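When the letters of the sequence shown are read in order and numbered with this note's numbering, they come out as residues 185 to 289. Please read the structure below before turning to the comments.
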Amino acid sequence: MEPLPQGAALKDVQEYVRRLEVERGFIGRSITDQALKFGSEAGEVLDAVAAYNGQPQNGERSAADLGSEAADALIMLVSVCNRAGIDLEDAFRRKEQINETRRWR
Ligand SMILES: [Mg+2]
Numbered sequence: 185m186e187p188l189p190q191g192a193a194l195k196d197v198q199e200y201v202r203r204l205e206v207e208r209g210f211i212g213r214s215i216t217d218q219a220l221k222f223g224s225e226a227g228e229v230l231d232a233v234a235a236y237n238g239q240p241q242n243g244e245r246s247a248a249d250l251g252s253e254a255a256d257a258l259i260m261l262v263s264v265c266n267r268a269g270i271d272l273e274d275a276f277r278r279k280e281q282i283n284e285t286r287r288w289r
């Protein structure tokens, strides 16, 4: 599989994840399965953050894992969005347009 190009846009990441799922045989998994895997990967990010803060909750997890676990979580989030036909860049822009009207403390 061709690597993700440098400077790839979000739509390129979505297409890359679609292709990796075909190539690795994951494309038939349901959106619910992928959402559960996203939750699991998000938990691994939390473990890596705890290790980053010097308070490892899981002996196998180190601070160096944070980027790796963030990438796993992103792949699973994109996988969920791909199944729902969501254009993440468009969703991001729409949500930020709403967020910009909110008052933040
Ligand atoms: Mg992971």
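Don't be surprised by glycine CBs; every beta carbon is placed ideally from N, CA and C. These numbers were taken from a predicted model, which means no experiment stands behind them.
Report the CB separation of L128 from Y236 in whole angstroms; it is logged as a contact under 8 Å. Not covered by the structure: residue 128. The range shown for the chain is 185 to 289.
Between G238 and F222, what straight-line distance do the alpha-carbon atoms span, to the nearest angstrom? 24 Å
Applying the criterion that 16 or more other CB atoms from any shown protein chain within 10 Å of the CB defines a buried residue, is E273 buried or exposed? exposed
Any idea what DSSP makes of T285, helix, strand or coil? coil
Rounded separation between E284 and R277 - CA only: 10 Å
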